[in-house]
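Have a look at the structure below, then the notes.
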Amino acid sequence: QLLYGKLLASGAAGLKQDPVTALTWYRKAAEQGRPDAQFELASALAAGRGTGINHVQALYWYLEAASRNHTEAQNNLGVIYTKGLGVEPDFRKAAKWYEQAARQGHATAQYNLGYMYLKGQGVDQDDIQALALFRKSAANGNPTAMRLLAEGYDKGWLGLPRDPRQSRYWLQLSQRPAGASPVTPP
């Protein structure tokens, strides 16, 4: 059901693209408790694919998927509570969801939680914790975190020493395509 929904949503495998019918298939699979389908349904509802934007229903399905440890849903819940999409902004709830996904190695959630520590949003401001999370995020392949580290080493920001070699390393790494051979650290 989920696969068929994805094929309809994208118009792949010779099928005519049909986001409305795709949404029906996502819902069928989501109602069976499949977190990947719950996530797809929530994402479609949040973006208005196959329907009008429905933040309330998106929140419900993200919560269902997140309760089954779907890290992307957990990260998206953090975004919802950070931006106040269909809910009042709540940085504490956002940090909670980012933290759940970050603990499971979700690179974007690690970056987002690091940013919250940097700004003191929903958590106590803590540059050391922010830097640790930015480093984890970069190590897990997040190019935004890599560019942040490059800038940090370039400007001596976040307590990092000014180090042009480290700055170049992280900048080069951020520009490499996924799956490329590793760059030798300085």
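One rule links them: number in my numbering = place in the sequence shown (from 1) + 1457. For glycine and all other residues, C-beta sits at the position ideal for the given N, C-alpha and C. In this text the structure is predicted, and so the values were computed from the model without any measurement.
Per-residue DSSP class, three states only, for residue i
i            : result
residue 1569 : helix
residue 1600 : helix
residue 1583 : coil
residue 1635 : coil
Expected contact under 8 Å - CB spacing of residue i and residue j to nearest Å
i            : j            : result
residue 1483 : residue 1504 : With 8 Å as the limit, residue 1483 and residue 1504 do not qualify as a contact, their Cβ atoms being about 12 Å apart.
residue 1575 : residue 1581 : Wrong, their Cβ atoms sit about 11 Å apart, outside the cutoff.
residue 1543 : residue 1499 : Actually they are not in contact, since the Cβ atoms of residue 1543 and residue 1499 sit about 11 Å apart, beyond 8 Å.
residue 1466 : residue 1506 : 7 Å
Inter-residue Cα distance where the pair is residue i and residue j
i            : j            : result
residue 1634 : residue 1563 : 19 Å
residue 1478 : residue 1532 : 27 Å
residue 1603 : residue 1627 : 5 Å
residue 1599 : residue 1553 : 20 Å
residue 1520 : residue 1534 : 7 Å
residue 1622 : residue 1596 : 17 Å
Residue i: first and last residue of the uninterrupted alpha helix (DSSP H) it sits in
i            : result
residue 1512 : 1512–1523
residue 1535 : 1528–1540
residue 1554 : 1548–1560
*Would you mind listing the alpha helix (DSSP H) stretches within the region 1462–1507 that are 4+ residues and don't spill past its ends, in chain order?*
1476–1488 and 1492–1504
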